[in-house]
Amino acid sequence: MADVALSPTEWVQDQTKQILETGTTEGVLVFGRPIVLLTVRGAKSGKLRYTPVMRVEHDGSYAVVASKGGAPEHPTWYHNIKAHPEIVLQDGTEVKEYTAREVDGAERAEWWERAVAAFSNYAEYQEKTDRTIPLFVLDPK
Numbered sequence: 193m194a195d196v197a198l199s200p201t202e203w204v205q206d207q208t209k210q211i212l213e214t215g216t217t218e219g220v221l222v223f224g225r226p227i228v229l230l231t232v233r234g235a236k237s238g239k240l241r242y243t244p245v246m247r248v249e250h251d252g253s254y255a256v257v258a259s260k261g262g263a264p265e266h267p268t269w270y271h272n273i274k275a276h277p278e279i280v281l282q283d284g285t286e287v288k289e290y291t292a293r294e295v296d297g298a299e300r301a302e303w304w305e306r307a308v309a310a311f312s313n314y315a316e317y318q319e320k321t322d323r324t325i326p327l328f329v330l331d332p333k
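With the working numbering, letter number 125 in the sequence shown gets 317, and the count goes up by one each step, no holes.
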């Protein structure tokens, strides 16, 4: 891959480096839960950026939850995905291309249940903020 930027956040950098060095997301955990690694294009810079997120998978598609720990604003990568929905996702050693779409209504409710089942903190994060936490579904290309 061309010019790819690591997160400015140190613990996220450490996770990303571990995945890149070992070639797998296996064994890389956040709060004891597995993650996947996204490669997204920056909305403003156009640079590729690595973003590790919680692993929420169902029938070959993935959910990506823009929780930012329940902060009042969306994470930066939310805007990147909105601007450039073509994403590369690594799960274990498998790397594939996906197209992201923000979901709402019944589809969001179904995926939200899956996300909370995978990482229960999402429910707490939603309680902490007035915004509805965005949820993207990534479908294989």
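Every residue, glycine too, gets a C-beta built ideally from N, C-alpha and C.
- A contact is defined here as three or more CB-CB pairs under 8 Å, and the region 261 to 271 meets this definition with respect to the region 316 to 330.
- Inside the region 220 to 292, DSSP marks whole beta strand (DSSP E) runs of 3 or more residues at positions 225 to 233, 240 to 246, 253 to 257 and 278 to 283, from first to last along the chain.
- Three or more Cβ pairs closer than 8 Å define a contact, and the region 226 to 243 meets that threshold against the region 281 to 288.
- Taking the Cα positions, E294 is about 26 Å away from D195.
- Using a C-beta cut-off of 8 Å, the region 244 to 254 makes contact with the region 195 to 213, since at least three inter-stretch Cβ pairs fall below that distance.
- Residue range L327 to P332 is occupied by the beta strand (DSSP E) that includes V329.
- Here T217 is buried, its C-beta having at least 16 other C-beta atoms within 10 Å.
- Within the same chain, V248, H250 and A255 come within 7 Å of R306 by CB-CB distance, once the 5 residues on both sides are set aside.
- In terms of Cβ geometry, I279 and A258 do not form a close pair [threshold 9 Å].
- As the crow flies, the alpha-carbon of F223 is around 27 Å from that of P277.
- Taking every protein chain shown into account, the CB of L327 has 16 or more other CB atoms within 10 angstroms, so this residue is buried.
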